[in-house]
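Each number in the numbering used here comes from the position in the sequence shown (counting from 1) with 5 added on. We treat Cβ as the ideally placed atom computed from N, Cα and C, and that holds for glycine. From a predicted model like this one, the values you see are computed outputs, not experimental measurements.
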Amino acid sequence: MSELGITKPGRRKVNKQTWLWTEDVKAKVREKRSLYHVFLGDRTADNWREYQKAKKAAKKAVAVAKATHYGDVYRKLESSGERYLYRLAKTRHRQTEDILTDRKMR
């Protein structure tokens with residue numbers, strides 16, 4: 006977990022790109038997580054199989070969401086290319102700036 010770019014000790018920062026998840030993806034990830042906790046409570050082969058099915062479904066849903074998002078980005082780059090590219094670069098540059106100081110964040 007991280008707050009304002011500071012990661013808690015002992016945990017890695019993982020960029021899961023949750024900002025592009027649709028409601029379908031969120032629901033499948035929640036289902037996967039709940040089935041994992043069910044499996045931890047009662048470690049049976051049936052619970053493990055259910056968790057594995059949910060895990061595959063969630064992974065596929067995330068892949069589809071990423072593919073559609075980046076497909077749209079590539080389509081925009083092809084059509085209104087240069088203008089959109091500069092806007093994208095400007096946004097990325099602003100995200101790396103620290104608000105309080107002039108130093109860049111890594």
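In this model, Asp51 and Gln22 are separated by some 31 angstroms (Cα to Cα). Per the coordinates, the alpha-carbon of Thr73 lies some 14 angstroms from the alpha-carbon of Trp24. The segment 26 to 34 and the segment 54 to 74 touch, with three or more beta-carbon pairs separated by less than 8 angstroms. Residue burial is scored here from C-beta neighbours: Lys95 has fewer than 16 other C-beta atoms within 10 angstroms and is therefore classed as exposed. A residue is called buried once 16 or more other Cβ atoms fall within 10 Å of its Cβ, and Ala63 is buried on that count.
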